[in-house]
Each structure stands twice: as C-alpha cells, then as structure tokens.
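Trainee:
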Amino acid sequence: MKKQKISFLSSESKKKDIIKLNHLKKIYGDFSIDECDVIVALGGDGHMLNALHIAKSVNKPVYGMNQGTIGFLMNTFSSEFLLERINSSEETIIHPLRMEAITEDGSAKEALAINEVSLLRSGPQAAKLKVSIDDKVRLSELICDGALVSTSAGSTAYNYSAHGPILPINSDVLALTAMSAYRPRRWRGALLASEAKISFETINYEKRPVSAMADTLEVKNVITVHVSSYKKVSYHLLFDPGHGLEERLLQEQFF
Numbered sequence: 044m045k046k047q048k049i050s051f052l053s054s055e056s057k058k059k060d061i062i063k064l065n066h067l068k069k070i071y072g073d074f075s076i077d078e079c080d081v082i083v084a085l086g087g088d089g090h091m092l093n094a095l096h097i098a099k100s101v102n103k104p105v106y107g108m109n110q111g112t113i114g115f116l117m118n119t120f121s122s123e124f125l126l127e128r129i130n131s132s133e134e135t136i137i138h139p140l141r142m143e144a145i146t147e148d149g150s151a152k153e154a155l156a157i158n159e160v161s162l163l164r165s166g167p168q169a170a171k172l173k174v175s176i177d178d179k180v181r182l183s184e185l186i187c188d189g190a191l192v193s194t195s196a197g198s199t200a201y202n203y204s205a206h207g208p209i210l211p212i213n214s215d216v217l218a219l220t221a222m223s224a225y226r227p228r229r230w231r232g233a234l235l236a237s238e239a240k241i242s243f244e245t246i247n248y249e250k251r252p253v254s255a256m257a258d259t260l261e262v263k264n265v266i267t268v269h270v271s272s273y274k275k276v277s278y279h280l281l282f283d284p285g286h287g288l289e290e291r292l293l294q295e296q297f298f
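What follows is the structure, encoded as structure tokens:
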C-alpha cells in the first residue's frame with residue numbers, strides 16, 4: 044500500500060531549517076503520529092534514534108533526511124519527489140538491545156538501545172568491571188575507561204570509534220568492545236551471538252563510579268548492568284534504493 048500521509052519530526056531550531064520544514068509541510072501536509080503512514084525525521088543520527096523510539100509506540104516506519112553532520116542513518120535531504128522516494132525505498136528492520144541497570148541504591152532501571160549500551164567511568168579513576176557471558180565469568184577484572192555492547196546497526200557509531208568491528212546488518216552478532224583497556228592490556232573485545240546475555244559488575248563502585256548509557260539515556264552509579272538483544276521490538280527504517288544499511292556498512296569498511 045502506498046504511503047501518502049507524512050508526519051514530520053524535526054530537531055532543528057535554526058531559521059533556515061525551520062524554513063525547509065515549513066516548505067515541506069506546505070507541499071506534503073503534516074499529519075499526526077497516529078494518522079500518518081510514515082514518519083519523516085529531519086536532523087542527524089541522534090534525532091533519528093529519538094524518532095525511532097517515538098515510532099515504536101505507533102508501529103510506523105521512519106524515513107530520515109539528513110540535516111546533521113554524519114547522517115549514517117539518514118537519506119540525502121531533498122524537498123522534491125519525497126512521496127515517490129518513500130514509496131520506492133528499501134526497508135531495514137533492526138532490533139534493539141535491552142538494558143537493565145541496578146544502581147547503588149538498589150533500584151532497577153530498564154531501557155532500549157538501538158545503537159549500543161555503554162558503561163563509562165564517571166570519576167577520575169579507571170573503571171573495574173567483571174564481565175560475564177551467559178552467567179559465566181569471562182573477565183574477572185577489566186580495567187578500562189569503559190565498555191560497550193553494540194548492535195550491527197550501531198557498530199559504526201561509538202563502537203567503531205572505540206576500535207570495535209563493523210558488523211554486517213544481517214549478522215546475528217553483537218560486538219563487545221572496551222574503551223582504553225589497561226588490563227588485560229591486549230584485550231580488544233569479543234564477538235558474541237545475539238542470544239548472549241552479557242552482564243557487567245562494577246568492582247569497588249564507591250571509589251570507581253560508573254554510569255550506564257542506553258543510546259542517550261544515562262543511569263548513574265550502577266553496580267550491575269545486564270544487556271541482551273530484544274527481538275520482541277522491531278524498528279523499521281526506510282532508505283533510498285541502493286543506499287540501505289547493508290551497503291553503507293560495507294562502504295565504511297573500504298573508506
């Protein structure tokens with residue numbers, strides 16, 4: 044079924060971007076999230092992550108147009124033939140990570156992450172983490188600035204900056220990557236099956252506090268963090284033909 048009703052979500056407040064947004068609304072209209080066939084996100088990759096979380100509640104696909112810096116999850120911006128582009132687009136379905144973080148006061152906080160779940164030191168000293176996979180301790184002490192678990196869709200973001208591997212979009216794999224690991228000095232991370240249950244325990248958390256991040260959502264002073272793939276939730280991204288995530292992830296490896 045052809046998509047005709049667009050709901051625009053914009054992150055921009057600059058005058059020139061507001062003018063672009065109003066121009067698009069004049070041409071194509073602007074329907075509510077509940078009424079629309081597709082959500083068009085205008086901004087950068089950070090805004091796309093927020094738009095996908097919003098779209099999840101109404102089960103609508105998201106077509107992004109880049110007005111940010113990198114725009115890895117976005118299409119090229121153009122006000123022309125937008126409906127034609129949307130209706131000829133390729134759909135990519137991705138599943139998020141589920142994070143359960145236990146803080147030092149005993150409270151539990153849950154969140155979903157499209158790109159990665161990361162643990163970062165929040166004090167002057169390096170973090171000390173115990174890492175378990177499927178309830179088996181694999182690293183009794185990882186001394187580092189932090190560690191993250193990345194999806195394939197997020198593998199070119201923070202994970203890649205931390206020298207983690209780029210994962211093909213259709214691979215059933217998660218990347219476990221350390222940031223500035225001091226001990227074990229030569230440990231570079233691991234590739235794990237998507238069904239793996241990853242747990243981090245902070246050692247000496249009073250002296251070495253750690254925060255957990257699910258994409259942009261931060262939980263401070265964590266003592267235990269559990270991470271797993273959450274396939275009950277699906278996000279639907281739309282890309283111009285020949286410019287989908289599979290092609291982009293491949294291009295990144297030959298850049």
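Everything in the sequence shown is counted per this note's numbering, starting at 44 for the first residue and increasing by one. We put the CB at the ideal spot given by N, CA and C, even for glycine.
#1: Under DSSP, the alpha helix (DSSP H) around Ile204 begins and ends at which residues?
#2: Leaving out five residues before and five after Pro252 in sequence, what residues of the same chain have Cβ atoms less than 7 Å from its Cβ?
#3: Helix, strand or coil: how does DSSP classify His138 here?
#4: Considering only residues of the same chain and omitting the five flanking positions on each side of Leu92, which have a CB-CB separation below 6 Å?
#5: List the endpoints of the continuous beta strand (DSSP E) containing Met108.
#6: Looking at the structure shown, is Leu210 part of a helix, part of a strand, or coil, going by DSSP?
#7: Here's a check: name, in chain order, each residue in its chain whose Cβ is nearer than 6 Å to the Cβ of Gly111, leaving out the five neighbours to either side.
#8: Could you name the residues of the same chain whose beta carbon sits closer than 6 Å to that of His269, not counting the 5 residues immediately before and after it, in chain order?
#9: Check His286 in the structure and name its three-state DSSP category.
#10: Measuring CB to CB, does Tyr278 end up less than 9 Å from Leu95?
#11: Nearest CA to the CA of Ile76: which residue from Val101, Ile113 and Tyr225?
#12: Could you check how far apart the C-beta atoms of Ser237 and Val216 are, in whole angstroms? I think they sit under 8 Å.
#13: Just verifying my parser: in three-state terms, what is the DSSP assignment at Gly86?
#14: For Asn158, does the three-state DSSP call read helix, strand or coil?
#15: Could you check which residue in Thr199, Arg226 and Asn247 has the C-alpha nearest to that of Glu290?
#16: By alpha-carbon positions, which one of Val192, Glu159 and Gln168 ends up nearest to Val174?
#17: Mind checking whether Asn123 and Phe282 have CB atoms under 9 Å apart?
#18: Can you tell me whether DSSP reads Leu95 as helix, strand or coil?
#19: To the nearest angstrom, how far is the alpha carbon of Met44 from that of Phe51?
#20: Determine the closest residue to Ser223 out of Ile70, Ala205, Gln294 and Ile209, with distance taken between C-alpha atoms.
#21: Assuming contact is defined by CB atoms lying nearer than 9 Å, are Ile137 and Leu260 in contact in what I supplied?
Mentor: In terms of the structure at hand:
#1: Per the sequence shown, the amino acid found at residue 204 is Ser instead of Ile. Note, Ser204: alpha helix (DSSP H), Tyr201 to Ser204.
#2: Ser165, Gly166 and Asn264
#3: coil
#4: Ile157 and Asp258
#5: Val105 to Asn109
#6: coil
#7: Gly86 and Gly87
#8: Glu143 and Ser242
#9: coil
#10: A contact, by the Cβ cut-off of 9 Å.
#11: Val101
#12: Rounded to the nearest angstrom, the Cβ distance from Ser237 to Val216 is 6 Å, consistent with a contact under 8 Å.
#13: strand
#14: coil
#15: Thr199
#16: Val192
#17: In the sequence under discussion, the amino acid at residue 123 is Glu, which differs from the Asn named in the question. No, Cβ-Cβ distance for Glu123 and Phe282 is not below 9 Å.
#18: helix
#19: A direct Cα-Cα distance of roughly 20 Å separates Met44 from Phe51.
#20: Comparing Cα positions, the closest option is Ala205.
#21: Not closer than 9 Å, so no.
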